[in-house]
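If you count the sequence shown from 1, position 103 lands on 103 in full-length UniProt numbering, and the numbers rise without skipping. Glycine is no exception: its CB is placed at the ideal position from the N, C-alpha and C atoms. First up is the structure itself, then whatever we jot down about it.
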Amino acid sequence: MEYCHYYLPRIADQETVNHICTEVDKWMNLNTYTPKPIQRPFTKDINNIPLRHFVWNISERFLYKRYYNGDNRAKFIKALFPKSFADTDLSTIKNFKVEPLKTEIPIDEPENGKLDFHYPEDYVRN
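Printed below as a string of structure tokens:
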């Protein structure tokens, strides 16, 4: 959950960050889990692209990708962030890798089969 606590404070308060981390953890343990939606607004006005990147970055590192396919990821994200995705259909949400010039949460491609996330060089890991 270090990844969650690194990126999410840029867009959410601590209570929301903790909620999202808990829901992601439950989903990691049960692919059919339906998350409880966030209740508080984001602290930063964002579109839904960083949220798509966040879910893609995490789920791309899950070992059982056949269970965490595009449909599963899209349903999870729409349930967790219902306000952000209220006007977005599942087929659009499944386009996770949208790379605008700059976003609060960039795509983080796993390298050479490793599951590690990429952090800035000056980041001190806990």
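Apply the 10 Å Cβ neighbour rule to residue i and answer buried if 16 or more other Cβ atoms are within range, or exposed otherwise.
i	result
Asp122	exposed
Arg52	buried
Ser59	buried
Lys78	buried
Leu115	exposed
Leu30	exposed
Ala74	buried
Once DSSP output is grouped into helix, strand and coil, what is the label at residue i?
i	result
Phe81	coil
Phe76	helix
Tyr7	helix
Thr32	coil
Lys26	helix
Can you find the residues in the same chain that come closer than 8 Å, C-beta to C-beta, to residue i, ignoring five residues on each side of it along the sequence?
i	result
His5	Val17 and Cys21
Taking 7 Å as the limit between beta carbons, can you name the residues of its chain near residue i, skipping five residues before and five after?
i	result
Ser84	Asn48 and Leu51
Ile46	Ile11 and Glu104
Thr88	Asn48
Compute the minimum distance between the beta carbon of residue i and the heavy atoms of the ligand FMN, and state whether it is under 7 Å.
i	result
Pro9	This structure simply doesn't include the ligand FMN, nor any ligand for that matter.
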